[in-house]
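Undergrad: So the sequence shown is numbered by the working numbering: it starts at 19 and just counts up by one. C-beta atoms are modelled at their ideal positions from N, C-alpha and C, and glycine is treated no differently. Note that the coordinates shown come from a computational prediction; the quantities given were computed from them, not determined experimentally. I'd like to ask you about the structure that follows.
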Amino acid sequence: MHSKAKTQMEPAGAGLEKLVADALRRMPSTEAPLIAWPLVCGSAVAERTRAVGFAGGVLRIEVSDAGWKRELQALAPRYLATINRYVGQRVQRLEFVLRDEVR
């Protein structure tokens with residue numbers, strides 16, 4: 019009986035992800051990746067980063083310092099796969115820029 023309850027819970031999480039992905043895919047293609055970034059990276063990273071632009075398949079993300087930039091570059095393949103699961107393969111590359119480089 020316990021495994022049956024677990025099986026019933028898994029589709030609920032998948033259903034929520036599908037609902038969010040469907041909403042993001044209906045948004046203008048230039049906005050969806052910007053809105054999806056905090057969902058993809060989680061609250062701890064979202065507090066230290068900000069998606070600042072999306073053009074030509076490249077999502078630019080402002081980062082607070084060089085240490086965070088290095089760490090996020092190492093995690094970029096995972097974030098790229100996750101964001102594309104939400105926005106439908108629109109993002110080809112993540113570009114992390116220091117806050118001072120954005121201007």
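Note down, in chain order, each residue of its chain lying with its Cβ closer than 6 Å to the Cβ of Arg43, except the 5 sequence neighbours on either side.
TA: Numbered from its first residue, the sequence shown carries residue 43 at position 25. Counting only Cβ-Cβ distances below 6 Å, and skipping sequence neighbours, we find Gly106.
Undergrad: Can the beta-carbon of Val76 be found less than 7 Å from the beta-carbon of Arg108?
TA: As a position in the sequence shown, residue 76 is number 58, starting the count at 1. As a position in the sequence shown, residue 108 is number 90, starting the count at 1. No, Cβ-Cβ distance for Val76 and Arg108 is not below 7 Å.
Undergrad: Let me confirm a value: Ala69 is counted as buried when at least 16 other C-beta atoms fall within 10 Å, else exposed. Which label applies?
TA: Residue 69 sits at position 51 when you count from the first residue of the sequence shown. Burial call: buried.
Undergrad: On the DSSP bridge assignment, give the partners of Ile79 in chain order.
TA: Residue mapping note: residue 79 aligns to position 61 of the sequence shown, counting from 1. Beta-bridge pairing links Ile79 to Ala69 and Phe114.
Undergrad: Below 8 Å on the Cβ atoms is my contact criterion, and I expect Val81 with Leu116 to pass it. Report the Cβ-Cβ distance as a whole number of Å.
TA: In the sequence shown, residue 81 corresponds to position 63, counting from 1. In the sequence shown, residue 116 corresponds to position 98, counting from 1. Correct: roughly 6 Å between the Cβ atoms.
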